[in-house]
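Residue 306 in this note's numbering sits at position 323 of the sequence shown; the count goes up by one each step and never skips. Glycine included, every Cβ here is placed at the ideal spot set by N, Cα and C. Keep in mind it's a predicted model, so treat the numbers as computed, not measured. Below is one structure, written out as structure tokens, with a few remarks after it.
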Amino acid sequence: MTAAILRARTRWLLPYLPSNTTFVLRTLLAFAIAVYVSYQLELDSPYSSGTTVLIVAANARGAILSKSFWRIMGSVAGVAASIVLIAGFVQSPVLFIFMLAIWFGFCTFVSSMLRYFRSYGAVLAGYTVTLVAVPAVSDPDHIFELATARLSLVVIGVLATALVFLITDHGPDPNRLRYQAASLCADVAKFIRAALMGTDVTTRSGVRDRIAAGLMALDQAVEFTAAEDAVFRRRASDPRIAAAALLAALTGAERVCQLLRDPARAADGRVTSAREAVRDLADFLAQPAHGPGGFASRRARIDTVRRRVAEEAASCRDIPVLAVLDQTIDLLDQLRLAADRFATLDGQQSLSPMLRLPVYANPVTALRNGMRGALAVAIAGLFWIISQWPSGGAMLALLGPVCGLLAQSESAAAASVAFLKGTALSSVAAFVVTFGILPQTTGFPLLTVAFMPFLAVALFGSLRPGNTGLMWIAFLIFFVTQVGPNNPMHYDLAASLNTYLAYDIGAACGVLAFRVLLPPNPRREAMVLMRSIRHGVARAARDPVSLPITWEHLQHQKLIRLSRRLATAPIDRVMALEQSITAVLVGRALLRLRDLLARPEAGPTASAATTDARVALRRLHIDPLTAATAARKTAETLVRQDDAPAVIRHIAATLHELTALLSADADFFATRSQTAEDP
-16 MTAAILRART
-6 RWLLPYLPSN
4 TTFVLRTLLA
14 FAIAVYVSYQ
24 LELDSPYSSG
34 TTVLIVAANA
44 RGAILSKSFW
54 RIMGSVAGVA
64 ASIVLIAGFV
74 QSPVLFIFML
84 AIWFGFCTFV
94 SSMLRYFRSY
104 GAVLAGYTVT
114 LVAVPAVSDP
124 DHIFELATAR
134 LSLVVIGVLA
144 TALVFLITDH
154 GPDPNRLRYQ
164 AASLCADVAK
174 FIRAALMGTD
184 VTTRSGVRDR
194 IAAGLMALDQ
204 AVEFTAAEDA
214 VFRRRASDPR
224 IAAAALLAAL
234 TGAERVCQLL
244 RDPARAADGR
254 VTSAREAVRD
264 LADFLAQPAH
274 GPGGFASRRA
284 RIDTVRRRVA
294 EEAASCRDIP
304 VLAVLDQTID
314 LLDQLRLAAD
324 RFATLDGQQS
334 LSPMLRLPVY
344 ANPVTALRNG
354 MRGALAVAIA
364 GLFWIISQWP
374 SGGAMLALLG
384 PVCGLLAQSE
394 SAAAASVAFL
404 KGTALSSVAA
414 FVVTFGILPQ
424 TTGFPLLTVA
434 FMPFLAVALF
444 GSLRPGNTGL
454 MWIAFLIFFV
464 TQVGPNNPMH
474 YDLAASLNTY
484 LAYDIGAACG
494 VLAFRVLLPP
504 NPRREAMVLM
514 RSIRHGVARA
524 ARDPVSLPIT
534 WEHLQHQKLI
544 RLSRRLATAP
554 IDRVMALEQS
564 ITAVLVGRAL
574 LRLRDLLARP
584 EAGPTASAAT
594 TDARVALRRL
604 HIDPLTAATA
614 ARKTAETLVR
624 QDDAPAVIRH
634 IAATLHELTA
644 LLSADADFFA
654 TRSQTAEDP
């Protein structure tokens, strides 16, 4: 009741403020509450609860709930590991550093295998050890006090954030996801229309990447909405499947439109009719379905066009033309699946069982991240022991978060520089506040006023995209910590400068770790991803696949990562993506072929007639040209069966498409990468 009253009383103000301003004001209020409570409880390092607020705060309630939960879980795991390390290895400093590095490397590896805030929880479990166990090295008897204080501060920060944001937030907008989904459907339709018109390939590639990024952002929005809405959580798989279907449509649209506008087939009336139908449908779908029942109306329109194209395909005996019509039907099926699953956002009940889509995790990159983090912590820790630098623990405490957090970045080398800039800027600001402002203030209100301008600027800056935002995030994480406002406050210039230097050196070591010590190699990682796609297609030819959409969604995630890895090399990126997309289409055709052969009307005759082709296709990653030749010969053989059922013609059309795709992409499949195989 109290929360409802407070929401009602803030309703008059919050809607009139920009969302970013509202976010900053809420965060500052939560920060003040968390630090005040920590002071009243007389906890050590009370400012750490404020740092928790700055890290946990987010514009979406679901993001706050998810991040808070995994921050607590990560902190618990890190605290437990700290107690074990201190209890078992503190008597041997070198062994302690060695075990600390192993734990940190393991947590970094796990974080690279997870997504969203689960990944953040694993990172936190790793670097919490540097915040709890490292300070306890000089006084092991106080490890439990440090551990309980750390957990208490984290919980206070989380509760303060939840209190402020949940009370001042009017709840999730039921139409937010729907608007986002409708806009993405319209964007895909516009892409199809542009591809039918034959606009510039490079421009279309950029648009495709933007839409794919939007679809992945939709998946994240679904994750956060499910965290705060138990009713939505039960049907959260529907928008995820819809997004996967849109990704499939986006991947195959280029090829379908290329076939529909192919001059060699343009004279055929059935192809012309299909092209016009798809163009009209794209024009219709390009208008976002923001109104009630919009997805249902789009589903009905897609069904109408599909029936029209299917009728043309049913009587078609021209295999090249039938291949075009079958590809068009596949595209329409993907659009239909997306509209059908998105219709649940209009309140329609899902009739399909829940389906969990697989998440792609790259163990090669994850292992590299873990090894980098472990080596960086080990080297810094040994330097601390050998030099006996009093502030060496602070350097290690910063290096942990740097290596853990930046391992998740798409461009870790550049991000490490931004992190260093933010840390150095926080040191300057901390010096100004500590020795220029705080000596002139007394009491908690003035302390809060002294912090607020710096935090407000940094919070606004953290909302900016790219490395600029990351620089301000680094500022937020370390600014308050370097000021270290305790009660009573002690002003020691030498100790403070020593701490600032330790933090800046730690951030600089992070730059060295990502630029010198196992530096990221985007081209090598791109080769690993391309090799993984090749192996995925080979498995589709060789092993049973439960559902085509689960297999293809896994490949789509690789395509998105591939695009990001080669973002700085646009020419290479376009070439690599086109080859990889063609390979995914080969896998899609293989799955379609398997489905057609499994139909009862195909009978044993079709299976026997396609034996040679299927054997050759299982070895397409070794000899793609032989597989293409076998597919072509089998298609020609099937075409000669005049009295064959319709399914035989569709099998022949699929083999015809496989021949064209493999012939165009033979070099991709024949490439022998020297990188480690990525499962």
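I need the straight-line Cα distance from residue 353 to residue 362, nearest angstrom please.
By one-based count along the sequence shown, residue 353 stands at place 370. By one-based count along the sequence shown, residue 362 stands at place 379. The straight-line gap from Cα to Cα measures roughly 14 Å.
Check whether the stretch 53 to 63 and the stretch 106 to 119 are in contact - that is, three or more C-beta pairs closer than 8 Å.
yes
Tell me whether residue 372 sits in a helix, a strand or coil according to DSSP, three-state version.
By 1-based counting over the sequence shown, the position of residue 372 is 389. In the three-state scheme derived from DSSP, where H, G and I count as helix and E and B as strand, residue 372 is classed as coil.
Whether or not the stretch 547 to 566 and the stretch 503 to 517 are in contact is what I'm after, with contact meaning three or more pairs of Cβ atoms, one per stretch, closer than 8 Å; do they touch?
yes
Do residue 170 and residue 197 have their C-beta atoms within less than 9 Å of each other?
In the sequence shown, counting from the first residue as 1, residue 170 sits at position 187. In the sequence shown, counting from the first residue as 1, residue 197 sits at position 214. Yes. Within cutoff.
Nearest to residue 227 by alpha carbon, out of 539, 83 and 235?
Position 244 of the sequence shown, counted from the start, is the residue given in the question as residue 227. The residue with the shortest Cα to Cα distance from residue 227 is 539.
May I ask you to report which of helix, strand or coil DSSP gives residue 139?
Working through the sequence shown from its first residue, we reach residue 139 at position 156. If DSSP states are grouped into helix, strand and coil, residue 139 belongs with the helices.
Assign residue 554 to one of two classes, buried (16 or more other C-beta atoms within 10 Å of its C-beta) or exposed (fewer than that).
As a first step, residue 554 must be located in the sequence shown, where it is residue number 571. With fewer than 16 other Cβ atoms within 10 Å, it is exposed.
For residue 115 versus residue 62, is the C-beta spacing smaller than 9 Å?
What you label residue 115 is simply residue 132 of the sequence shown in a count that begins at 1. What you label residue 62 is simply residue 79 of the sequence shown in a count that begins at 1. Cβ distance < 9 Å, so residue 115 and residue 62 count as in contact.
Buried or exposed, going by whether 16 or more other CB atoms sit within 10 Å of the CB of residue 672?
What the structure shows of the chain is the stretch from -16 to 662, and residue 672 is not part of that stretch, so it cannot be assessed.
What's the C-alpha gap between residue 202 and residue 163?
Within the sequence shown, numbered from 1, the residue matching residue 202 stands at position 219. Within the sequence shown, numbered from 1, the residue matching residue 163 stands at position 180. Computed Cα separation, rounded: 11 Å.
Using 8 Å as the threshold, is the stretch 281 to 297 in touch with the stretch 250 to 265, meaning 3 or more CB pairs across them?
yes
Give me the Cα-Cα distance between residue 609 and residue 651, rounded to the nearest whole angstrom.
Taking the first residue of the sequence shown as position 1, residue 609 is located at position 626. Taking the first residue of the sequence shown as position 1, residue 651 is located at position 668. Going from the Cα of residue 609 to the Cα of residue 651 covers about 14 Å.
Give me, in chain order, the residues of the same chain whose beta-carbon lies closer than 8 Å to that of residue 236; leave out the 5 immediate sequence neighbours on both sides.
Taking the sequence shown and counting its residues from 1, the one referred to as residue 236 is at position 253. In its chain, beyond the 5 residues on either side, 171, 174, 175, 178 and 314 have a beta carbon closer than 8 Å to the beta carbon of residue 236.
Between which two residues does the alpha helix (DSSP H) containing residue 5 stretch?
Within the sequence shown, numbered from 1, the residue matching residue 5 stands at position 22. Segment 2 to 23, the alpha helix (DSSP H) holding residue 5.
By DSSP, does residue 82 sit in helix, in strand, or in coil?
As a first step, residue 82 is located in the sequence shown; it is residue number 99 there, counting from the start. Note: residue 82 maps to helix in three-state DSSP.
Take residue 75 and list the residues in its own chain whose beta-carbon comes closer than 7 Å to its own, dropping the five residues that flank it on each side.
Position 92 of the sequence shown, counting from 1, holds the residue named residue 75. Close CB contacts of residue 75 within its chain, under the 7 Å cut and outside five residues either way in sequence, are absent.
Looking only at its chain, what residues have a beta carbon closer than 7 Å to the beta carbon of residue 80, apart from the 5 residues adjacent to it on each side?
As a working mapping, residue 80 is identified with position 97 in the sequence shown. Cβ neighbours of residue 80 beyond the five flanking positions: 361, 364, 365 and 368.
Looking at C-beta atoms only, is the number of pairs between the stretch 372 to 383 and the stretch 131 to 138 that lie closer than 8 Å three or more?
no
Using only CA atoms, which one of 70, 66 and 34 lies nearest to residue 464?
Sequence index remark: in the sequence shown, residue 464 carries index 481 (1-based). Comparing Cα positions, the closest option is 34.
Am I right that residue 566 and residue 520 are in contact with their C-beta atoms under 8 Å? What's the rounded C-beta distance?
By one-based count along the sequence shown, residue 566 stands at place 583. By one-based count along the sequence shown, residue 520 stands at place 537. Between residue 520 and residue 566 the Cβ distance is about 5 Å, and since that is below 8 Å, they are a contact.
Is the beta carbon of residue 338 sitting closer than 9 Å to the one on residue 208?
Taking the first residue of the sequence shown as 1, we reach residue 338 at position 355. Taking the first residue of the sequence shown as 1, we reach residue 208 at position 225. No, these two residues do not count as a Cβ contact at 9 Å.
Which same chain residues end up closer than 6 Å to residue -11 when comparing Cβ atoms and leaving out the 5 residues on each side of it in sequence?
Counted from its first residue, the sequence shown places residue -11 at position 6. Only weak support is given to the placement of residue -11: the predicted model assigns it a pLDDT of 47, under 50, and the question is left unresolved by the model.
If you run the structure through DSSP and keep just helix, strand and coil, what is residue 419?
Residue 419 sits at position 436 when you count from the first residue of the sequence shown. Residue 419: helix per DSSP, three-state reduction.
In three-state DSSP terms, what is residue 74?
Position 91 of the sequence shown, counting from 1, holds the residue named residue 74. Three-state DSSP puts residue 74 in coil, outside helix and strand.
For the stretch 231 to 270, list the beta strand (DSSP E) runs that are entirely contained and at least 3 residues long, ordered along the chain.
Correct list: empty.
Please tell me whether residue 572 and residue 617 are closer than 9 Å, where the distance is taken between their beta carbons.
Mapped onto the sequence shown, residue 572 falls at position 589. Mapped onto the sequence shown, residue 617 falls at position 634. Result no, Cβ atoms of residue 572 and residue 617 do not sit closer than 9 Å.
Measuring alpha carbon to alpha carbon, tell me which residue in 430, 458 and 82 is nearest residue 443.
Walking along the sequence shown from the start, residue 443 turns up at place 460. Ranking the options by Cα distance to residue 443, first place goes to 458.
Measuring CB atoms only, is the stretch 11 to 22 touching the stretch 66 to 73, in the sense that at least three cross pairs come out at less than 8 Å?
no
Apply the 10 Å Cβ neighbour rule to residue 648 and answer buried if 16 or more other Cβ atoms are within range, or exposed otherwise.
Taking the first residue of the sequence shown as position 1, residue 648 is located at position 665. Burial call: buried.
If the criterion is Cβ atoms closer than 9 Å, does the pair residue 593 and residue 576 meet it?
Locating residue 593 in the sequence shown gives position 610, where the first residue counts as 1. Locating residue 576 in the sequence shown gives position 593, where the first residue counts as 1. Judged by beta-carbon spacing, residue 576 lies within the 9 Å limit of residue 593, meaning their Cβ atoms are closer than that value.
Exposed or buried, what is residue 213 when buried is set at 16 or more other beta-carbons lying within 10 Å of its beta-carbon?
Position 230 of the sequence shown, counting from 1, holds the residue named residue 213. Classification for residue 213: exposed.
Flag this pair as yes or no: are the beta carbons of residue 536 and residue 64 separated by less than 9 Å?
The count along the sequence shown starts at 1 and reaches residue 536 at position 553. The count along the sequence shown starts at 1 and reaches residue 64 at position 81. Against a cut-off of 9 Å, the Cβ pair of residue 64 and residue 536 comes out as no contact.
Going residue by residue through the stretch 560 to 601, where are the continuous alpha helix (DSSP H) segments of at least 4 residues, counting only ones entirely within it?
586 to 592 and 594 to 600
How long is the line joining the alpha carbons of residue 370 and residue 485, rounded to whole angstroms?
Looking up residue 370 in the sequence shown gives position 387. Looking up residue 485 in the sequence shown gives position 502. Cα to Cα, residue 370 sits roughly 13 Å from residue 485.
Going along the chain, which unbroken runs of the beta strand (DSSP E) with 3 or more residues stay wholly within the stretch 427 to 490?
none
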